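For this note's numbering, add 1 to where a residue sits in the sequence shown, where the first one is 1. These notes concern the structure reproduced below.
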Amino acid sequence: MLVVDHLVRRFGDLTAVDDVSFRIAPGETYGLLGPNGAGKTTTISMIAGLLKADAGSITIAGRPMAADAVEPKRHLGLVPQDLAIYPELTATENLRFFGKLQGLRGEALDHRVREVLEVIGLADRAKDRAKEYSGGMKRRLNIGVGLLHQPELLILDEPTVGVDPQSRNSILESVEALSGEGMAVLYTTHYMEEAERLCDRIAIIDSGRLQAEGTRDELIQLAGGTDTIRLGGAGDLPAAAEKLRTRPGVERVDADRSALTLTVRDAPTLVADVVATATEAGVRLSDVEITRPTLESVFLHVTGKTLRN
2 MLVVDHLVRR FGDLTAVDDV SFRIAPGETY GLLGPNGAGK TTTISMIAGL
52 LKADAGSITI AGRPMAADAV EPKRHLGLVP QDLAIYPELT ATENLRFFGK
102 LQGLRGEALD HRVREVLEVI GLADRAKDRA KEYSGGMKRR LNIGVGLLHQ
152 PELLILDEPT VGVDPQSRNS ILESVEALSG EGMAVLYTTH YMEEAERLCD
202 RIAIIDSGRL QAEGTRDELI QLAGGTDTIR LGGAGDLPAA AEKLRTRPGV
252 ERVDADRSAL TLTVRDAPTL VADVVATATE AGVRLSDVEI TRPTLESVFL
302 HVTGKTLRN
């Protein structure tokens with residue numbers, strides 16, 4: 002659905018986007034994860050035809066994108082970080098206005114407005130002016146505008162910035178539903194938990210360059226890929242530790258007076274065997290805890306700094 006090849010954009014002496022390439026398939030949610038200033042918004046501005054690239058190419062649904070291109074933009078929905086709605090208009094009026102700009106008319110427009118209001122959870126507030134909405138409701142209306150013409154590719158630029166937790170969860174649920182309907186989604190964020198929850202594949206971007214790309218599990222492997230299983234309990238913990246060290250997938254076992262801590266590969270597939278081995282060795286377990294690496298640790302590994310820097 003989207004092919005980005007060797008994209009470059011400079012602002013004077015600053016190279017904001019530096020040789021960026023990636024692809025998004027239909028029905029896939031692809032995340033650009035990076036801190037503010039990493040080049041995310043500049044990248045999607047070029048993809049949407051709002052900025053001209055200094056080098057590289059962009060293709061949407063097989064059609065080349067350029068600043069003056071019309072056809073590829075028909076396949077695209079853009080939800081910018083800054084709100085693009087009219088505060089004096091109601092949700093319905095906003096959607097009808099933007100729908101007409103996108104070429105919708107008559108019953109087709111009415112039907113899509115009703116559908117979108119349901120998707121974004123504003124059907125019961127459709128006749129209220131946007132200025133009366135909370136920040137989260139405005140964000141959801143902003144997303145609704147991008148959905149009206151049923152784009153094949155939806156670009157969402159930091160859609161949860163500045164919203165309350167309840168509205169944020171509602172927005173994330175809406176995005177999850179979109180990919181299930183076959184829409185390709187390009188999602189930019191600096192929240193690792195959003196990328197982990199939503200995205201089929203994730204690109205870590207920093208200083209204008211893609212530092213790493215892959216599924217969550219593929220990225221975790223870059224940072225070592227080891228998990229931790231902690232077994233709390235009582236009994237002969239040193240003896241249990243010796244037996245556990247011989248089990249496949251267990252790389253290290255540390256024992257103290259009340260717990261065993263194991264460094265393992267793929268904890269979910271090993272935990273049943275680990276628990277059984279410890280129990281057979283005479284340990285009376287009181288709790289089991291699994292800790293897995295996060296995208297924060299991956300970001301630190303590939304960039305040398307934390308995501309929040």
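All C-beta atoms, glycine included, are put in the ideal place defined by N, C-alpha and C. Computed from a predicted structure; not experimentally measured.
Identify which residue in 202, 284 and 190 has its Cα closest to the Cα of residue 234.
Counting from one through the sequence shown, the residue named residue 234 turns up at place 233. Minimum Cα distance to residue 234 is reached at 284.
Considering only DSSP beta bridges, list what residue 261 is partnered with.
Counted from its first residue, the sequence shown places residue 261 at position 260. Per DSSP, 232 and 256.
Proximity test, residue 106 beta-carbon vs the ligand GTP heavy atom, cut-off 7 Å
This structure lacks the ligand GTP; in fact it carries no ligand of any kind.
Does the beta-carbon distance from residue 173 to residue 199 come in below 8 Å?
Mapped onto the sequence shown, residue 173 falls at position 172. Mapped onto the sequence shown, residue 199 falls at position 198. The answer is yes: Cβ separation under 8 Å.
DSSP beta-bridge partners of residue 186:
What you label residue 186 is simply residue 185 of the sequence shown in a count that begins at 1. Beta-bridge pairing links residue 186 to 30 and 155.
Uninterrupted alpha helix (DSSP H) stretches inside the stretch 61-108 (no shorter than 4 residues):
With a minimum length of 4 residues, the continuous alpha helix (DSSP H) runs that stay inside the stretch 61-108 are 92-102.
Quick one: what does DSSP say residue 248 is sitting in, helix, strand or coil?
For the purposes of this step, residue 248 is taken as the residue at position 247 of the sequence shown. Collapsing the DSSP output to three states places residue 248 in coil.
Which residue from 81, 274, 31 and 124 puts its Cα closest to that of residue 184?
Working through the sequence shown from its first residue, we reach residue 184 at position 183. Of 81, 274, 31 and 124, the residue nearest in Cα terms is 31.
Determine the contact status of residue 143 and residue 84, defining contact as a CB-CB distance below 8 Å.
Against the sequence shown, residue 143 aligns to sequence position 142. Against the sequence shown, residue 84 aligns to sequence position 83. Cβ atoms of residue 143 and residue 84: closer than 8 Å.
Can you list, in chain order, the residues of its chain with a C-beta nearer than 7 Å to that of residue 163? Leave out the 5 residues immediately preceding and following it.
Locating residue 163 in the sequence shown gives position 162, where the first residue counts as 1. Result list for residue 163: 136, in chain order.
Excluding five sequence neighbours on each side, which residues of the same chain lie with their C-beta closer than 6 Å to the C-beta of residue 59?
Position 58 of the sequence shown holds residue 59. Result list for residue 59: 5, 48 and 66, in chain order.
Using the DSSP secondary-structure output, state which residues sit across from residue 16 in a beta bridge.
The residue you call residue 16 lines up with position 15 of the sequence shown. Per DSSP, 11.
Closest to residue 226 by CA distance: which of 271, 23, 290 and 266 is it?
As a first step, residue 226 must be located in the sequence shown, where it is residue number 225. Residue 266 is the option with its Cα nearest to residue 226.
Following the continuous beta strand (DSSP E) through residue 289, name the residue where it begins and the one where it ends.
Here residue 289 refers to the residue found at position 288 when the sequence shown is read from its first residue. If you look at residue 289, you'll find it in the beta strand (DSSP E) that goes 285-292.
Mind checking which residues open and close the alpha helix (DSSP H) that includes residue 52?
In the sequence shown, counting from the first residue as 1, residue 52 sits at position 51. For residue 52, there is no enclosing alpha helix (DSSP H), as DSSP gives it neither H nor E.
At which residues does the alpha helix (DSSP H) containing residue 214 begin and terminate?
Position 213 of the sequence shown, counting from 1, holds the residue named residue 214. From DSSP, residue 214 is part of no alpha helix (DSSP H) but of the beta strand (DSSP E) over 210-215.
Cβ neighbours of residue 129 in the same chain (closer than 8 Å, five flanking residues each side left out)
Looking up residue 129 in the sequence shown gives position 128. Taken in chain order, the residues that qualify are 91 and 92.
Cβ neighbours of residue 70 in the same chain (closer than 8 Å, five flanking residues each side left out):
Mapped onto the sequence shown, residue 70 falls at position 69. The residues are 50 and 64.
Need the endpoints of the alpha helix (DSSP H) that residue 274 sits in, please.
To locate residue 274, count along the sequence shown from 1; it is residue 273. In the DSSP assignment, residue 274 falls within the unbroken alpha helix (DSSP H) covering 268-281.
Taking the CB atoms as reference points, tell me whether residue 258 and residue 19 lie closer together than 8 Å.
Counting from 1 along the sequence shown, the entry for residue 258 is found at position 257. Counting from 1 along the sequence shown, the entry for residue 19 is found at position 18. No, the pair does not count as a contact, with Cβ atoms beyond the cut-off.
Using the rule of at least 16 other Cβ atoms within 10 Å of the residue's Cβ for burial, across every protein chain shown, is residue 10 buried or exposed?
By one-based count along the sequence shown, residue 10 stands at place 9. Buried, since its Cβ has 16 or more Cβ neighbours within 10 Å.
Would you decide whether residue 139 is buried or exposed? Buried here means 16 or more other CB atoms lie within 10 Å of its CB.
One-based indexing of the sequence shown puts residue 139 at position 138. Taking all protein chains shown into account, residue 139 has 16 or more neighbouring C-beta atoms within 10 Å of its C-beta and is therefore buried.
Go ahead and label residue 13 buried or exposed: buried means 16 or more other beta carbons lie within 10 angstroms of its beta carbon, across all protein chains shown.
If you number the sequence shown from 1, residue 13 lands on position 12. Per the 10 Å Cβ criterion, exposed.
What separation, rounded to the nearest whole angstrom, lies between the Cα atoms of residue 186 and residue 196?
Here the question's residue 186 lines up with position 185 in the sequence shown. Here the question's residue 196 lines up with position 195 in the sequence shown. Each residue's Cα considered, the two are about 12 Å apart.
Report the CB separation of residue 292 from residue 301 in whole angstroms; it is logged as a contact under 8 Å.
Here residue 292 refers to the residue found at position 291 of the sequence shown. Here residue 301 refers to the residue found at position 300 of the sequence shown. The Cβ separation is near 16 Å, so there is no contact.
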